[in-house]
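Residue numbers -19 to -1, 1 to 396, in mature numbering (1 follows the signal peptide of the UniProt record, and there is no 0), belong to the letters of the sequence shown in order.
Note that the Cβ used here is the ideal one computed from N, Cα and C, for glycine as well.
Let me begin by presenting the structure, written as structure tokens, before commenting on it.
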Amino acid sequence: MILLMQILLICNTLLVSRAPRLLHSLPHTHCEFVNGSIYMHTLHESLLQQSMASDHERLRALKAFDGTKAGVKGLVDAGVTTIPAIFHHPPESLADAPHHHRGHHQFAIPVIDLAGLGTPSERASVVGAMKAAAATVGFFQVTNHGVPESAMSKVLAAVRRFNEEPAEAKAPYYSRDPKRRARYQCNFDLFRSPAASWRDTLYMEMAPEPPPPEQIPPACRTIAPEYTRLVQRLGRILFGLLSEALGLSRSYLEEEAGCLEGLSVGCHYYPACPEPRRTLGTARHSDPSFLTVLLQDAVGGLQVLVEDEKRRPAWVDVPAEAGALVVNVGDYLQILSNDRFRSVEHRVVASSAGPRVSVACFFRADASTRVLAPIVAGGDGDGRARYRSTTVPEMLRHYGTKGLGGVSALQRVRI
């Protein structure tokens, strides 16, 4: 057997001591111990053999998988050709998922050139385009945004480099402790979602207070703060334009609503999947943010839920435009805008190509103090609030309970 091709189930002394008890809980397990280590393929076989007949059995499988601290990348490195049942999504979730990444519907996500802000008339044109995009599909791409392509390339390369390090090098950063401001994990909602998604994530809370440097993996330690500062500068421009689109002062969303107070970064790694038609890279969801700014590589796979020409829901691709960043309205901004801007559901399909790498920057408020309430003044609203006032902690509790998918958090506060 080729030792270097296996990802260890047990990465340190503590887990080794628990290994027999862990594997004893998995039926039909065949395992080999080599110098106190258990091979990932053993775990994979155990996961496949489980019938998933009960929630208890599924929970045991989830705990066993999570205990490897190797994520989806560990399964791929072990050479799996079929995916464990915990990753199987129901057919209704997979419907209309073109795994070749070519959309079925003629719909183009708007692309907005931010170079045209030099004169009042040019700025007004950009504000109009952004307002139209935010009010309809809730997604648009921006070019000439001020984030150098060199920084974009560096952060994508750093995320890929970290995820492709040996499992034992990544394991110390693997955590589900919400108090850690930087943590690596497979699916933040692994134990709450109906099905796991085929991705691993390095999550970092970068503002208002960044993580201690030692919590950030060395591969990302320098570029993460640098890239964050660049995106924050872009965010100031975007929120100024969107404030004007709402008929408010340019500084309103930044200074009055606090849309620039917090910034969280999700660095996603989607390995090539041996059975892409049975799972998703990211399940259908909307974002708990004011805005999300997404950098994606050329692999593609992001899809947005829109209405087709017959007003039927349809998934359309968001193509990877060279040098562009994808921007989407989040739930918090839909509340603030009183439904004038739309937070639209989206997903990432799994693919046999890959890996896919993306970096999502979520603009959020200070979770300890911020109240979210509709802005009914300005713009073209009718003056009637469509949401009750809520708080960021209340919204975050709901997201934390339901995970991705499920009933939209917006429905809980809609009047």
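What does DSSP give as the partner residues of residue i in its beta bridges?
i	result
P294	E288
H249	T182 and S339
L272	V310 and F344
H37	Note: H37 sits in no beta bridge, so no partner.
V329	T263 and L283
T371	L353
R395	Y368
A163	M185
G243	R345
residue 448	Only positions -19 to 396 of the chain appear in this structure, which leaves residue 448 out of reach.
Y155	Y165
Please report how far the alpha carbon of residue i lies from the alpha carbon of residue j, in whole angstroms.
i	j	result
R83	T350	Because R83 carries a pLDDT of 44, less than 50, the predicted location of this residue cannot be relied on, and no value is offered for it.
D181	D289	32 Å
M111	R323	12 Å
K160	P193	12 Å
D77	A331	13 Å
G60	V310	38 Å
I396	R378	19 Å
R63	A89	Correcting the residue identity first, residue 63 is Thr in this sequence and not Arg. Roughly 35 Å between the two C-alpha positions.
T372	H266	20 Å
E186	G247	9 Å
P191	K291	47 Å
P71	A105	45 Å
L261	P101	44 Å
T203	A139	9 Å
H37	T382	19 Å
F14	P65	Because the pLDDT of F14 is 36, which lies under 50, any placement of that residue in the model is unreliable, and the number read from its coordinates should be weighed accordingly. Cα to Cα, F14 sits roughly 22 Å from P65.
I67	R39	7 Å
D47	H249	17 Å
L241	D268	16 Å
S370	E145	44 Å
D298	L314	23 Å
L391	R293	21 Å
Only counting the same chain, and skipping five residues up and downstream in sequence, which positions put a Cβ closer than 8 Å to that of residue i?
i	result
R2	Below a pLDDT of 50, predicted positions are generally treated as unreliable, and R2, at 38, falls in that range; no measurement from the model is reported.
Y154	A163, R164, Y165, L183, Q196 and P198
S224	S230, R231, S232, Y233, L234 and E235
G127	L95, L211, R214, L215 and I218
N168	S174, A177, S178, R180 and T182
V357	N319, G364, R365 and A366
CB of residue i to nearest heavy atom of the ligand GTP: below 7 Å?
i	result
P65	In the structure on display, the ligand GTP does not appear, and there are no ligands present to speak of.
Residue i: which of the options sits nearest, CA to CA?
i	options	result
S339	D320, V352 and A305	A305
H69	A176, E235 and V394	A176
residue 463	E326, R321, L275 and S332	Because the chain in this structure spans residues -19 to 396, residue 463 falls outside the shown range and cannot be described.
F143	L40, R345, P336 and C254	P336
K50	I204, A152 and T263	A152
G384	L241, P91, D170 and R321	D170
S270	R367, E326, R41 and L56	E326
R344	L234, A390, Y380 and R321	Looking at the sequence itself, residue 344 is Phe, so the reference to Arg does not match. Taking only the C-alpha atoms, the option nearest F344 is L234.
G221	L137, E38, V57 and L272	L272
L353	E73, Y368 and K54	Y368
C201	V136, E237, V246 and R258	V136
E256	A334, M185 and G364	A334
P252	G55, F46 and R39	G55
P374	R365, A346 and P294	A346
T263	E242, Y380, Y250 and S178	S178
Y380	A132, P101, T100 and R173	R173
P206	W296, F46 and C342	C342
G52	A116, G119, R293 and S156	S156
V329	L286, A303 and S370	L286
A303	Q277, Y313 and A132	Q277
P189	A148, G239 and G243	G243
Enumerate in chain order the residues of its own chain whose CB-to-CB distance from residue i is below 6 Å, with the five nearest sequence positions on each side excluded.
i	result
F121	P91, I93, A114 and V308
N125	D94, L95 and A96
Apart from the five residues just before and just after residue i, which ones in its own chain have a Cβ nearer than 7 Å to its Cβ?
i	result
V123	I93, L95, A305, L306 and V308
L98	R104 and V107
P355	I316, L317, N319, A366, R367 and Y368
R393	H379
A279	A301
S389	S267
Check your understanding: What runs of the alpha helix (DSSP H), each 4 residues or longer, lie entirely inside the stretch 65 to 136?
Key -> If one requires a minimum length of 4 residues, the alpha helix (DSSP H) runs lying completely within the stretch 65 to 136 are 72 to 75 and 101 to 116, in chain order.
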